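S.K.: In our numbering, the protein residues as written are 522 to 800.
Glycine residues also receive a C-beta, built at the ideal position from the N, C-alpha and C atoms.
Only a predicted model underlies this, so the values are computations on that prediction, with no experimental measurement involved.
Following this message is one structure expressed as structure tokens.
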């Protein structure tokens, strides 16, 4: 395991361990880079807002220093070279919201605006659905029609339907009132299923945008639920106390690089399993 990967795991453990301090390692979606390897990691440090006393309140300064010195060093505000910073957050887990990310732009001549990028491939080249693409287009009305035909014929949905043709993320949403078309667009790649059942991009390793993800979001909208959603990760109080004692016992001396893996394993053992609640 590389040192960067170890430190990244370490940062994730830190995010979980700081939960009862009402802090969360968060970053606004609009600031997330396309390359996951260069994405700033924002963490909580030194915030007293909402902290609890006793064993629930821990000092993670030494751990944070380790993360900032090994993970995406150039992206930390504290190092003077990036925008990653320490922010308090009220959600103990993951919070997804389009606010700050979604942007609307009106196009007067919509047909020509869509026609140009769609015709970027040479005329003699046929694009396969599993080919890598910087910008793949998915027409939702056409997808709905294709799904309906499969259902009427009692046929299973094709893999490219279930994975939205390998779409990694949605960068653009084209709406054409005249034609009634609704098009998702974004980078896409070939995909494969990992042993744990997660479908990921073959090249980047990122999860692909799945049809059931899209349907889940649509159903939330139809049910007039809160557009923001996520999960709360709640550790056990006794585990937090054990984690604090472990960090205090190991924080007075520099961490031996040869003991990174064992140190991370000991930290995982102290923190243990947490309860996850979805909303």
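(1) Please classify residue 713: does DSSP put it in a helix, a strand, or coil?
(2) Going along the chain, which residues of its own chain have a beta-carbon closer than 8 Å to the beta-carbon of residue 662, five neighbours each way excluded?
(3) Tell me the start and end of each unbroken beta strand (DSSP E) in the stretch 656-711 that is at least 3 residues and wholly inside, in chain order.
(4) Determine the DSSP secondary structure at residue 749, reduced to helix, strand or coil.
(5) Could you give the DSSP three-state label for residue 767: helix, strand or coil?
(6) Taking only beta-carbon atoms, is residue 680 less than 7 Å away from chain D?
(7) Take the Cβ of residue 673 as the centre, count every other Cβ of all protein chains shown within 10 Å, and call the residue buried at 16 or more, exposed below.
(8) With contact counted as at least three CB pairs below 8 Å, one residue from each stretch, are the stretch 725-736 and the stretch 771-782 in contact?
(9) State the beta-bridge partners of residue 796 as determined by DSSP.
(10) In angstroms with no decimal places, state the Cα-to-Cα distance between residue 752 and residue 796.
(11) Report buried or exposed for residue 677, applying the criterion of at least 16 other Cβ atoms within 10 angstroms of its Cβ.
(12) Would you check if the distance between the CB atom of residue 693 and the CB atom of residue 706 is smaller than 7 Å?
M.R.: Reading off the structure:
(1) Start at 1 with the first residue of the chain shown, and residue 713 comes out as number 192. Residue 713 falls in the strand class under three-state DSSP.
(2) On the chain shown, position 141 is the one that residue 662 refers to. Cβ within range, chain order: 701, 702, 703.
(3) 693-697, 702-709
(4) Sequence index remark: in the chain shown, residue 749 carries index 228 (1-based). It is coil, neither helix nor strand.
(5) Residue mapping note: residue 767 aligns to position 246 of the chain shown, counting from 1. In this structure, residue 767 counts as helix in the three-state DSSP scheme.
(6) The structure shown contains no chain D, having only a single protein chain.
(7) Translated into positions along the chain shown, residue 673 becomes position 152. Exposed, since its Cβ has fewer than 16 Cβ neighbours within 10 Å.
(8) no
(9) Residue numbering aside, residue 796 sits at position 275 when the chain shown is read from its first letter. For residue 796, which the question treats as bridged, DSSP gives the partners 755.
(10) In the chain shown, the residue the question calls residue 752 occupies position 231. In the chain shown, the residue the question calls residue 796 occupies position 275. Near 10 Å, if we compare the C-alpha coordinates of residue 796 and residue 752.
(11) On the chain shown, residue 677 is found 156 positions in, with the first residue counted as 1. Residue 677 comes out exposed.
(12) Counting from one through the chain shown, the residue named residue 693 turns up at place 172. Counting from one through the chain shown, the residue named residue 706 turns up at place 185. The criterion of a C-beta distance shorter than 7 Å is satisfied by residue 693 and residue 706.
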